[in-house]
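In the working numbering, the protein residues as written are 231 to 650. One structure is given here, and the rest of the page talks about it.
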Ligand code: LLP
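Encoded structure:
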C-alpha cells in the first residue's frame, strides 16, 4: 500500500524516478522525501473538481511549510492559509502572492497583524471581539482596510482525534454560533474592518464528510441571514480537514466526491468558495526514510531501533497515529514476518513510530520508508535530545532538489550564548 508516486522498481522502492536507496546514499538518513508530482496532482484535483464554481484553494501552510513545496504550489496558482507571521514570511519567500493569503488562528499578535496588513493579504479569519478591536486599530493606523470573515463555531462533531477536532462549543476555536450575528454587526461598525466572508473549520483528518456538510449548511444559512441584514458577504471559507488513508483499511473520501457534495449547496448561494486543505494535498506526497540501527529483544518484546525518532515524526506519540512502514528493498517473503515495536533513539518510552507492528524480517543497516508523512511530519519536528532535524528532498521525475539541508551541530547552537 504505497501512494501512486512511490512504487517498487527493480526491487527497490522509488519516489517518482529516483530510488530511495540512492537518496539515502547521497543524502543520509533520516530524510523526508516528497514527490512534486503527488503534491501537484492533489492540488489540481481540487481545481478540476471546482471548475465552474468561483473558488480559491488556499493551501494550509502548517501541513508542510518547506519553501520548495510552497513555491511548487504558488506556481500552480494556490492561495495560502497561514496562522503566523512566520508562515507569511515563508509564503513570500516562496514567491506566493500575498493577495491570495488568508490569515487564520485564535491568537494573532499585533506585529503579525501589522505585517499581514502591510503585505496586503486577502483577508483575516477573526475569532474574537478582542482580535477585531486590535485589527481595527492596526488597520486605521496603517490606513489599510482589513477584509474579514468571522470564524464561527458551528458546534458540529468532526468525528476525529480529539486533539484535531475544533468545531465543538467546548473548543477554543471560533465564535459561538449564536453570538455571530451580533458580532458581525459590531465588526461592520468598526473603522477599517470590512466583513466580507464567513469561515469555519471543524477539524482535521475527517474520513466521514457528513459533519462537514452539516456545518456547511449552517454557515450558508448564516451567510444568508447576514446578507439579509445588509452585509455584503462575498465568500465562504470552509477550512480544510479532508482525511487521507493512513491504514490500508481507511476509507478516505476522494477530493472530487467532497466537492461534488459541496457544489450544489454553494452554487445556489453565489458565494466564492474558499478551502484550506493541508493534509489532503501533502500527506501522501511524503515518506520518511530511515535506517535500522539495531534489533533488540527485551523479554517477550522485539524492538527495531531506527535512526528516525519522535523529534522527527511526532504523530504516533501525539495522536496515536498509524503510519505504514515498508522496506526499501523489495517485498519480503511473508514467511519471514515478525512483530516488533519500531522505535527511535530518543530517551522516552513515548518515542515510537509503530507498536506491535508486523514487519518483514529486518537487519541492521536496512532502509525503511515510513509512509504518508508529507503533512505534519517535518513541520512538527523539533530538536529534542539535540538531534539535528532531517533534510527534506523534493523529487521531480529524476531530479532531486534539496529543499532543506540536514541540520548540523552548529545549527543546534544558533542563537545561543554562554553568560560571561
Ligand atoms: N484551516 C485551519 C483553520 C486549520 O486549523 C487547519 C488545520 C487546516 C485548515 C488544515 O487542515 P487539514 O486539511 O490539514 O486537515 N498536527 C495534526 C493536524 C493539525 C491540524 C490543525 N489545523 C496532525 O498531525 O494530524
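Just so it is clear, CB atoms sit at the ideal spot from N, CA and C, and this is done for glycine as well.
Per DSSP, the bridge partner or partners of residue i
i	result
residue 433	395
residue 570	587
residue 381	429
residue 265	625
residue 557	598
residue 608	Bridge partners of residue 608: none, in fact.
Any non-hydrogen atom of the ligand LLP within 7 Å of residue i CB
i	result
residue 374	no
residue 538	no
residue 292	yes
residue 350	no
residue 435	yes
residue 484	no
residue 610	yes
residue 506	yes
residue 353	no
residue 311	yes
residue 396	yes
residue 605	yes
residue 516	no
residue 431	yes
residue 545	yes
N- and C-terminal bounds of the alpha helix (DSSP H) containing residue i
i	result
residue 345	340 to 349
residue 446	440 to 458
residue 319	315 to 323
residue 371	359 to 372
residue 403	Counting along the chain, residue 403 falls outside any alpha helix (DSSP H), and DSSP gives it neither H nor E.
residue 579	Segment: none, residue 579 is in no alpha helix (DSSP H) and carries neither H nor E.
residue 641	639 to 643
Backbone CA spacing between residue i and residue j [nearest angstrom]
i	j	result
residue 650	residue 640	20 Å
residue 577	residue 638	20 Å
residue 529	residue 295	42 Å
residue 275	residue 532	42 Å
residue 512	residue 481	18 Å
residue 353	residue 502	13 Å
residue 379	residue 287	16 Å
residue 652	residue 246	Because the chain spans 231 through 650 in this model, residue 652 falls outside it and cannot be assessed.
residue 381	residue 408	13 Å
residue 617	residue 600	19 Å
residue 453	residue 636	47 Å
residue 423	residue 361	11 Å
residue 449	residue 327	28 Å
residue 646	residue 613	14 Å
residue 462	residue 572	54 Å
residue 359	residue 365	10 Å
residue 440	residue 605	23 Å
N-terminal and C-terminal residue of the beta strand (DSSP E) that residue i is part of
i	result
residue 631	629 to 634
residue 622	621 to 626
residue 287	285 to 290
residue 483	Where residue 483 is concerned, there is no enclosing beta strand (DSSP E), given that its DSSP letter is neither H nor E.
residue 549	Note, residue 549: premise wrong, no beta strand (DSSP E); alpha helix (DSSP H) at 545 to 549.
residue 312	309 to 312
message: Please give the ranges of any alpha helix (DSSP H) in the segment 405 to 431, keeping only runs that are unbroken, at least 4 residues long and fully inside the region.
response: As far as the segment 405 to 431 is concerned, its whole alpha helix (DSSP H) runs of at least 4 residues are 410 to 419.
message: Ignoring anything shorter than 3 residues, give me the beta strand (DSSP E) runs that lie fully in the segment 490 to 543, in order along the chain.
response: Counting only runs of 3 or more, we get 502 to 505, 516 to 528 and 531 to 536.
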